[in-house]
Amino acid sequence: MVKRLKFLRLLALMLSLPWTAAAAQVAPEEKLYRVAAWSFYLQQPTQALETLQLGPLQSSRSRLLEAGLYLQLNMPMRAATILDELLSEADTAPDSLPLSLRNIALLQFARYQLELGNKVLAQHYLAEVNPESSGSWLGQQQLLAQLVNWPDIELPPAPQFDVLAKHPEMPYIISNQALVLAQREQSEAALNWLQQLQQQLYTPPEQGFWQALFSGQWRLISPQQGFIYPAQEKLALTDYIALLQAKLHVERKEYAAADAILTDFGSDSVLSDSALALYSHILTEQRHIPTLLAVLQQQVKRQPFSLTAWQAATRIGEQLERAQQVQDALAAFHWAEQYYQQQVREIEQQAIPLQVNQLQQGMSQWQQLQLSNDNSLHRLQQDILALQQQLAGAPERQLRLGRLQEVTSFKLVQQEQLLSSQLPQLKQRQASLQQQYVALAQQIAADEQQPMALSLWQGEAHSQLSRLQRAEQRVAMLQQHNKATADYAARLQRLRGILQWQYTDSHAERQWQRRQAQQQLVDLLGGLEQQLTTLEQQGKATPRLLQVQQRLGELNSQQQQLNLALLSKQQQLLAELNQQLQQKRTEQLASLTGLIRHNKQAMARVMEQVLLSVDVAPGGRSL
Amino acid sequence: MRVFAIIAFALFSQLVLAETETAAAQLEQLKQQVIQLNRELFLLEEELLFPPETQMALFLSVDTGKFFQLDSVELRLNDKLIGAHLYTAAQWQALTRGAIQPLYKGNIKAGEHNLTAVFVGKGPDNRDYRRAVSYAFTKAEDAVLLELQINDRSSDYQPDFVVKPWSND
Chain A
27 MVKRLKFLRL LALMLSLPWT AAAAQVAPEE KLYRVAAWSF YLQQPTQALE
77 TLQLGPLQSS RSRLLEAGLY LQLNMPMRAA TILDELLSEA DTAPDSLPLS
127 LRNIALLQFA RYQLELGNKV LAQHYLAEVN PESSGSWLGQ QQLLAQLVNW
177 PDIELPPAPQ FDVLAKHPEM PYIISNQALV LAQREQSEAA LNWLQQLQQQ
227 LYTPPEQGFW QALFSGQWRL ISPQQGFIYP AQEKLALTDY IALLQAKLHV
277 ERKEYAAADA ILTDFGSDSV LSDSALALYS HILTEQRHIP TLLAVLQQQV
327 KRQPFSLTAW QAATRIGEQL ERAQQVQDAL AAFHWAEQYY QQQVREIEQQ
377 AIPLQVNQLQ QGMSQWQQLQ LSNDNSLHRL QQDILALQQQ LAGAPERQLR
427 LGRLQEVTSF KLVQQEQLLS SQLPQLKQRQ ASLQQQYVAL AQQIAADEQQ
477 PMALSLWQGE AHSQLSRLQR AEQRVAMLQQ HNKATADYAA RLQRLRGILQ
527 WQYTDSHAER QWQRRQAQQQ LVDLLGGLEQ QLTTLEQQGK ATPRLLQVQQ
577 RLGELNSQQQ QLNLALLSKQ QQLLAELNQQ LQQKRTEQLA SLTGLIRHNK
627 QAMARVMEQV LLSVDVAPGG RSL
Chain B
67 MRVFAIIAFA LFSQLVLAET ETAAAQLEQL KQQVIQLNRE LFLLEEELLF
117 PPETQMALFL SVDTGKFFQL DSVELRLNDK LIGAHLYTAA QWQALTRGAI
167 QPLYKGNIKA GEHNLTAVFV GKGPDNRDYR RAVSYAFTKA EDAVLLELQI
217 NDRSSDYQPD FVVKPWSND
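Structure, rendered in structure tokens:
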């Protein structure tokens, strides 16, 4: 049974499908959604989630992205909660998900549940997919249905190449159907389906453009129909179909046909190990001893620490024994004995408890093989590494916390200074300025009542009036001493008249200028007051800063506890991993012990034959 | 110290182990706690390091990127360089798919300011293209959030560069 993974592609589609052209006026939630998309596209799901959750998530699209991001962070339970809420909303709701998007989400989530081993949940979500509108996701849906319901899958009367032509899942679906056909004892039909599938996948060797042009076939050049697979995937697919065919031929005891397929099987194929195992079986059945020996040796070489290789080792001797080559068989059993001892030594050396830092790099070959061949061990490894990733973020979180605590303390000191000294001083100065202004305004108002107040003059006119007043005072003094001042007084009177006329003439303009200057002063004083109010407002931030300081303290201890919890969980999982590895070690050593015993018995048997043959041989030496 | 740590660790381990939840649920809960902690830290950082009274944040978005492909952007505030960004293919692709890039975040004084963004890239017909756009604004009590938009102008098949303020709602 075959399955394929396409998480990120699906999630990206989920994200990009509902895009309409960037609207000029975008709502705040839309902005956050698009900023989150930036982090998502740059493979930063944690940051994307953080951005998305900054605002209230109301639209179904944002919530769907949130669920997708939780999935990407391997948090299926949170994703399930959100998805269930979303799916429970009526289709007619104004903000309900478009049907196509809903189907994609369901397919992705069903796939994820299946990979977690939750078949029931996977079936539940898959059943929610609307088959009528699955359209371009038909291939995904059919393949997933096969994986979920295996082996009770639907079988059409004939392979549906036309329906699935544009779906990359087509070969997987058809080959799975062929497998089920074979299981239902219709191996001939299965072989037929596989052959048809092989033909579908076959593409004639590409002809160069010039070659086609000069051979007169350029009219036939046309783009390839259907889905075009990447070269490596196509090769693996072709190999997989060939291997299936060979297996079916073996089941039907058509060894020659299976042999013909496997002889040409590529040694660099990803399926070469399975092919070797099948080939050795065929060769055993057909008694092609020399080729079989070569195949068994290949198995031993290519599959270290595997039961297949261990069995192959003893089978070499057995095949030689079967071929009556007792001396060679004895040598082969001796070699197998040494090989087993060597494998036991290597397992004992390599199967040591793992540390966290060895999980990414630094594992022995045996450990690597166990982790890549066992799903549960692999999951444990991934969980431990995920926890390590969370723990690796701890120093940065601590740094951020420290910086924030520093900033809060600094701000509190600032507040203290502001409240205790700066603000009262500033308020005092502002009050004094205000008082001065009021006094000046009163003075101006009083002076304006006078016919020609000196204070309301300025520039040359001010100095002329001052001089006139001084001259008038001097004339008055002269008059007191009975001097003749009538002429001066008359002249001064004329001058005063002229100045009076100038004063009256420019009065309106000067009054306007004064009012303007006064207004500017009022504005400046108003601005000053506003600034002081702002400062006072900031002064009120102290309780909030104290709250923040307290919260930071709480977060600090929360962070310590979280780190401990992460570490504890990691150690727990590591212990579990090591325990399972030890169990594997014990099982494998038991298998090897069994094989050693079996090999020893075979060796004894062959040795007996050798001795007997020496005994009975004419002129032979007796022991 | 080490003994204390081990005892504390052991006590905590017992606490954790005492929970009857499955390992997967426990793992997910721990991850959720980390996410919550990070989010709270982010919000406090916003409040303390970039309060609205001084905050200025710049974002960048692209319409469809038909007439212009962005290579870099340079940001100047009152003729002083405050930031620059060089775009990778993945980042450009993210922008053309509708993402908004958080380009800059900083603190500025209250009053009049002038922002200039210089866009460098490839214009129509794959020609080198360099355009600057200026935007004058007044910083008051609210945070200043500005979006630099690169739009496609179909009337003359040229890119259009706009600075658009975000409302603080």
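Protein sequence lines correspond, in order, to chains A and B.
This note's numbering applies: residue 27 is where the first sequence begins, and numbers increase by one.
This note's numbering applies: residue 67 is where the second sequence begins, and numbers increase by one.
Where is the CB? At the ideal position from N, CA and C, for every residue including glycine.
Within the same chain, Ile267 come within 6 Å of Gln224(A) by CB-CB distance, once the 5 residues on both sides are set aside.
The alpha-carbon of Gln95(B) is positioned some 11 Å away from that of Thr88(B). Looking at the DSSP output, Val128(B) sits in a beta bridge with Ile216(B). Not one beta carbon of chain A lies nearer than 7 Å to the beta carbon of Phe116(B). Nearest to Thr511(A) by alpha-carbon distance, out of Glu498(A), Leu618(A) and Gly523(A), is Glu498(A).
The beta strand (DSSP E) runs lying completely inside the stretch 543-597 of chain A and spanning 3 residues or more number zero. In this structure, Ala183(B) keeps its C-beta atom at 7 Å or more from the C-beta atom of Tyr67(A).
Nearest in C-alpha terms to Ala208(A), of all of Val146(A), Met196(A), Gln271(A) and Ile199(A), is Gln271(A). Taking 7 Å as the CB threshold, Leu136(B) stays off the interface with chain A.
Listed along chain B, the residues sitting closer than 9 Å to Thr72(A) by beta-carbon distance are Val100, Ile101 and Asn104.
Shortest Cα-Cα distance from Gly177(B) to any of Asn217(B), Asn144(B), Leu103(B) and Lys132(B) involves Asn144(B). By the 16-neighbour rule on beta-carbons within 10 angstroms, Ile524(A) is exposed. Residues of the stretch 578-609 of chain A with a C-beta less than 9 Å from any C-beta of chain B: Leu578, Leu581, Gln584, Gln585, Gln587, Leu588, Leu590, Ala591, Leu592, Leu593, Ser594, Lys595, Gln597, Gln598, Leu599 and Glu602, listed in chain order. Within a 10 Å sphere around the beta-carbon of Phe125(B) sit 16 or more other beta-carbons, which makes this residue buried. When DSSP states are grouped into helix, strand and coil, Tyr59(A) belongs to the helix group. Using a CB distance cut-off of 7 Å, Glu280(A) does not count as an interface residue toward chain B.
The Cβ of Lys132(B) sits no closer than 7 Å to any Cβ of chain A.
For Met122(B), the three-state secondary structure derived from DSSP is strand.
Interface with chain B (7 Å Cβ-Cβ cutoff): Leu207(A) is excluded. Assignment of Val296(A) by DSSP, reduced to helix, strand and coil, places it in the coil class. Straight-line spacing of the CA atoms in Gln222(A) and His360(A) works out to 48 Å. In the displayed model, Asp400(A) falls within coil according to three-state DSSP, outside both helix and strand.
Taking CB atoms only, Ile166(B) has a neighbour in chain A less than 7 Å away.
Setting aside the 5 residues that flank it on each side, Glu277(A) is surrounded in the same chain by Ala208 and Ser213, each with a C-beta closer than 8 Å to its C-beta; the list follows chain order. Distance between Ala262(A) and Phe187(A), taken at the CA atoms: about 19 Å. By the criterion of a C-beta distance shorter than 6 Å, Gln172(A) is surrounded in its chain by Ile179 and Asn202, once the five residues flanking it on both sides are discounted. Closest in alpha carbon position to Ala204(A), among Pro177(A), Lys192(A) and Tyr228(A), is Pro177(A).
Residue burial annotation: Thr340(A) is buried, with at least 16 other C-beta atoms found within 10 angstroms of its C-beta. Between the alpha carbons of Gln416(A) and Thr560(A) lies a distance of about 42 Å. In this structure, the beta-carbon distance from Asp218(B) to Lys132(B) falls below 7 Å.
Listed in chain order, the non-local C-beta contacts of Trp219(A) below 7 Å within the same chain comprise Pro185, Ile200, Gln203, Ala204 and Leu207, local neighbours out to five positions each way being set aside. In this structure the stretch 144-155 of chain B does not lie against the stretch 447-467 of chain A, because fewer than three pairs of beta carbons, one per stretch, are closer than 8 Å. Contact of Leu141(B) with chain A by beta-carbon distance below 9 Å is absent, the smallest such distance being about 17 Å. Only those residues of the stretch 195-219 of chain B whose C-beta falls short of 7 Å from the nearest C-beta of chain A would be listed, and there are none.
Inter-residue distance for Ala63(A) and Leu133(A) is about 21 Å (C-alpha atoms, whole angstroms). Under the Cβ distance rule, Asp409(A) counts among the residues neighbouring chain B, one pair being separated by less than 7 Å.
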